[in-house]
Amino acid sequence: MFLFDSIPWYSWLAWFGVLAGLIAVNEITRRWKWAGVAFYIALPVILTLFVWPTTAGAGSSTGTWFHWTKVYSALAGVLGFMAIRYFPRLAANRWVLLFPPAILAINIMEACVRDFQVGAMGAHGMVDGVYMLSGAWNYMNGVAGLLNLLTICGWAGIFVSRDKSRDMIWPDMLWFWIIAYDLWNFAYVYNCVGDHSFYAGAALLISCTIPAFLIKKGAWLQHRANTLALWMMFTMAVPSFVTDSPVAVASSHDPVALYVVSGLALAANVAVAIYQVRTIVAGRRNPLRDELYTGHRRYRQVVDAEAPALVRAH
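This is how it looks when you write it as structure tokens:
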């Protein structure tokens, strides 16, 4: 195959199992606060003390600085979003609303740094328990990630939904930015941990995109933080699942495939950046202060469906 080695039926079955499991646990933990506390506070404490020091130690494919940083930054995002959702005074504070774009930007920057680092390694073989092939694609995708970071916008419009689940809604984060993010992030995983990308790239990204488009619109960042934290906790506890288990799927490590996925990511993020600049200029908007896409039908749909009366009136 082009992106991966052969994918047997039981690996596809495991892929759909991962996808369904992430979506299901995300739904449970966003709907019931007690479930969020159990999965994102109690469970990480247990894993940190008794599991990860053994399973994610030196030599493990998840024992690098990046994986340890990623799991805790993902959990920090989840807990910060829970604080905004469940403490109304925080949600009403403009300075607190800087936290979601900040933690998102930090997570994107972590991956960009790793892409540039892998590109500079000149790697062609096993590094930190993962097969890596360095090349121009790393730099292409690093630039795509920086563009994705720079096009984060509309944070001032974040609010908490009026229903019982109290989700964190970001209506200015529309589908084209999400797709550009997905393409960039898949390319990052494919470039830097290619043998994990069948699950950690495709299944993980789709597990937060489906809810954002079909289940709870406007809450993509919350879905992304929850599913990323769940996946990172799982892979740090069971790293063999994506490396040498019967359902593991290896990347093809084909330079053409690496160029293609990074090229698509770069093209998509350049297009979003150009569109955003045109929107800013045409609407005379300040991207650091204003929401940019208030005239979009999907923006209005999210606000009308989820926002408290005061936000809708605004």
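If you read the sequence shown in this note's numbering, its first letter stands for residue 1, the second for the next number, and so on.
We put the beta carbon where it would ideally sit given N, CA and C, even for glycine.
Taking C-beta atoms under 8 Å as the contact rule, Thr-227 and Leu-22 qualify, at a distance of about 5 Å. Rounded to the nearest whole angstrom, the C-alpha separation of Asp-254 and Val-25 is 34 Å. Annotation: the continuous beta strand (DSSP E) that includes Leu-133 extends over 130-133. For Trp-15 and His-196, the gap between their C-alpha atoms comes out near 12 Å.
The straight-line gap separating the alpha-carbon atoms of Leu-174 and Lys-216 is approximately 13 Å.
Around the beta carbon of Gln-222, 16 or more other beta carbons sit within 10 angstroms, so the residue counts as buried. Beyond the five residues adjoining it in sequence on each side, Leu-149 comes within less than 6 Å, by CB distance, of Ala-105 and Ile-108 in the same chain, given in chain order. Its chain contains Trp-170, Pro-171, Asp-172, Met-173, Asp-290, Glu-291, Leu-292 and Tyr-293 as the residues whose beta carbon lies nearer than 8 Å to that of Gly-154, once the 5 sequence neighbours on both sides are disregarded; these appear in chain order.
Counting along the chain, Val-247 sits inside no alpha helix (DSSP H), nor does DSSP assign it H or E at all.
Runs of alpha helix (DSSP H) with 4 or more residues, each lying fully within the stretch 185-236, are found at 204-210, listed in chain order.
Collapsing the DSSP output to three states places Ile-169 in a strand.
Gly-80 carries a helical assignment under DSSP once its states are collapsed to helix, strand and coil. Between the alpha carbons of Cys-112 and Asn-141 lies a distance of about 8 Å.
In the DSSP assignment, His-124 forms a beta bridge with Leu-133.
Judged by DSSP in its simplified three-state form, Phe-159 adopts strand.
The straight-line gap separating the alpha-carbon atoms of Ala-144 and Ile-178 is approximately 13 Å.
Per DSSP, Phe-39 is not a residue of any alpha helix (DSSP H), being assigned neither H nor E. When DSSP states are grouped into helix, strand and coil, Phe-2 belongs to the coil group. The straight-line gap separating the alpha-carbon atoms of Ala-265 and Leu-147 is approximately 10 Å.
If you draw a straight line from the Cα of Thr-48 to the Cα of Pro-239, it is about 15 Å long. The residue among Trp-32, Ala-92, Tyr-275 and Val-261 with its C-alpha nearest the C-alpha of Ile-152 is Tyr-275. Ala-187 is classed as buried because its beta carbon has at least 16 other beta carbons within 10 Å across all chains shown. Annotated three-state conformation of Leu-49 is helix, per DSSP.
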